[in-house]
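Residue numbers (our numbering): 72 to 399. A virtual CB, placed ideally from N, CA and C, is assigned to each residue, including glycine. These notes are about the structure you will find just below.
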């Protein structure tokens with residue numbers, strides 16, 4: 072595709088997190104350093120909140136690479152766990168034998184494991200992504216786990232990564248004790264306008280590009296009008312922008328390429344809606360035709376005269392576009 076055209080070794084704007092191309096700008100590097108320090112301090116529960124597509128998963132993966140070797144990281148990948156499943160899930164990830172029929176025994180084994188790790192100068196940290204989807208009882212079960220401690224330090228550190236809804240959930244009166252245990256809270260904000268061009272060119276160079284910057288500030292501003300500083304959206308739009316420039320046979324990225332990328336992204340969503348409208352219209356047309364056929368058949372069976380030219384049934388037209396789409 073466009074890789075050879077732009078002299079790239081790999082796609083520069085994958086949405087799958089790749090720690091090799093972590094962008095430290097836009098406060099990402101500062102938040103990463105602060106998170107590593109917070110975990111090293113071993114106090115309480117840490118919370119990271121960011122909008123969908125703001126880069127929380129990338130930050131989570133980077134954090135695991137920045138922590139010292141004596142820190143063991145456990146990922147809880149299922150935020151829908153029930154309260155009774157939290158301890159077995161953590162124990163399983165740590166390689167501890169889980170007794171499905173005796174949760175108390177499993178909890179005891181987990182406690183022994185954490186004490187033994189602490190005695191050896193090691194630390195265990197649990198990373199929980201999509202924490203906003205956790206039921207309140209499950210969050211409360213995590214708080215109880217944070218009570219595991221020695222005279223001078225916690226045995227288990229917990230880091231919650233979630234969308235802004237996590238803050239709403241933590242405001243619930245039922246888990247106010249958990250809220251009080253959050254000792255460090257970080258907001259992962261969207262990229263500011265001045266960071267967008269730097270981010271896009273940073274990702275290009277991470278993919279092997281060696282020429283002059285492709286994304287100027289004007290183009291970056293136009294991209295950010297649709298992406299609103301959210302990294303995942305920027306990646307999707309930037310990828311399509313490169314495709315548009317490649318299709319034009321040029322190495323210069325222009326606002327028209329961004330407009331084409333944005334139009335393609337939006338029209339993809341609209342296309343699904345239009346197909347749905349047409350499908351509904353077709354179903355209504357068929358239903359009305361069947362109804363007319365039954366009426367005519369009933370008249371014939373009852374001996375009533377049937378009009379030789381029954382009224383025509385017009386197929387309903389789809390609603391006029393309300394999203395600014397093209398009109399004939």
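First and last residue of the beta strand (DSSP E) that includes residue i?
{"i": "residue 116", "result": "116-121"}
{"i": "residue 142", "result": "142-147"}
{"i": "residue 76", "result": "Residue 76 -> not in any beta strand (DSSP E); alpha helix (DSSP H) instead, spanning 74-77."}
{"i": "residue 163", "result": "Run containing residue 163: none in the beta strand (DSSP E); it sits in the alpha helix (DSSP H), 157-164."}
{"i": "residue 21", "result": "An answer regarding residue 21 cannot be provided, because it is not within the stretch 72 to 399 covered by the chain."}
{"i": "residue 196", "result": "194-199"}
Is residue i near residue j, with beta carbons less than 8 Å apart?
{"i": "residue 107", "j": "residue 138", "result": "yes"}
{"i": "residue 142", "j": "residue 196", "result": "yes"}
{"i": "residue 145", "j": "residue 165", "result": "yes"}
{"i": "residue 159", "j": "residue 278", "result": "no"}
{"i": "residue 305", "j": "residue 280", "result": "no"}
{"i": "residue 84", "j": "residue 274", "result": "yes"}
{"i": "residue 157", "j": "residue 209", "result": "yes"}
{"i": "residue 321", "j": "residue 294", "result": "no"}
{"i": "residue 285", "j": "residue 272", "result": "yes"}
{"i": "residue 185", "j": "residue 227", "result": "yes"}
{"i": "residue 332", "j": "residue 315", "result": "yes"}
{"i": "residue 154", "j": "residue 245", "result": "no"}
May I ask you to check if the CB of residue i is nearer than 7 Å to at least one heavy atom of the ligand ATP?
{"i": "residue 135", "result": "This structure lacks the ligand ATP; in fact it carries no ligand of any kind."}
If we count the other Cβ atoms within 10 Å of its Cβ and call it buried at 16 or more, is residue i buried or exposed?
{"i": "residue 72", "result": "exposed"}
{"i": "residue 151", "result": "exposed"}
{"i": "residue 177", "result": "buried"}
{"i": "residue 136", "result": "exposed"}
{"i": "residue 149", "result": "exposed"}
{"i": "residue 125", "result": "buried"}
{"i": "residue 300", "result": "buried"}
{"i": "residue 396", "result": "Because the pLDDT at residue 396 is just 38, under 50, the model does not fix this residue reliably, and the value given afterwards should be weighed accordingly. Under this definition residue 396 is an exposed residue."}
{"i": "residue 261", "result": "buried"}
{"i": "residue 99", "result": "buried"}
{"i": "residue 200", "result": "buried"}
{"i": "residue 147", "result": "buried"}
{"i": "residue 102", "result": "buried"}
Please identify the residue among the options whose C-alpha is closest to the C-alpha of residue i.
{"i": "residue 303", "options": "89, 136, 148, 147", "result": "89"}
{"i": "residue 267", "options": "331, 308, 317, 111", "result": "308"}
{"i": "residue 292", "options": "317, 141, 330", "result": "330"}
{"i": "residue 80", "options": "333, 320, 276", "result": "276"}
{"i": "residue 104", "options": "134, 115, 78, 85", "result": "134"}
{"i": "residue 297", "options": "264, 320, 323", "result": "264"}
{"i": "residue 223", "options": "242, 190, 205, 238", "result": "190"}
{"i": "residue 241", "options": "161, 256, 228", "result": "256"}
{"i": "residue 207", "options": "243, 193, 194, 174", "result": "243"}
{"i": "residue 283", "options": "324, 203, 221", "result": "324"}
{"i": "residue 87", "options": "202, 132, 328, 175", "result": "132"}
{"i": "residue 435", "options": "187, 175, 204, 239", "result": "For the chain, the structure presents residues 72 to 399; residue 435 sits outside this window and is missing."}
{"i": "residue 204", "options": "327, 174, 239, 221", "result": "239"}
Tell me which residue opens and which closes the alpha helix (DSSP H) that residue i is part of.
{"i": "residue 189", "result": "174-190"}
{"i": "residue 320", "result": "Looking at the DSSP string, residue 320 is not in any alpha helix (DSSP H), and its letter there is neither H nor E."}
{"i": "residue 110", "result": "99-112"}
{"i": "residue 233", "result": "It is not in any alpha helix (DSSP H) - residue 233 instead sits in the beta strand (DSSP E) that spans 227-233."}
{"i": "residue 208", "result": "207-216"}
{"i": "residue 293", "result": "288-298"}
{"i": "residue 132", "result": "127-137"}
{"i": "residue 267", "result": "264-277"}
{"i": "residue 237", "result": "236-241"}
Any 3 or more C-beta pairs closer than 8 Å across the region 223-237 and the region 114-127: yes
The region 161-170 touching the region 178-197, judged by at least three CB pairs closer than 8 Å: yes
The region 208-227 contacting the region 240-254, beta-carbon criterion three pairs below 8 Å: yes
Given 8 Å, three or more beta-carbon pairs between the region 108-117 and the region 84-99: no
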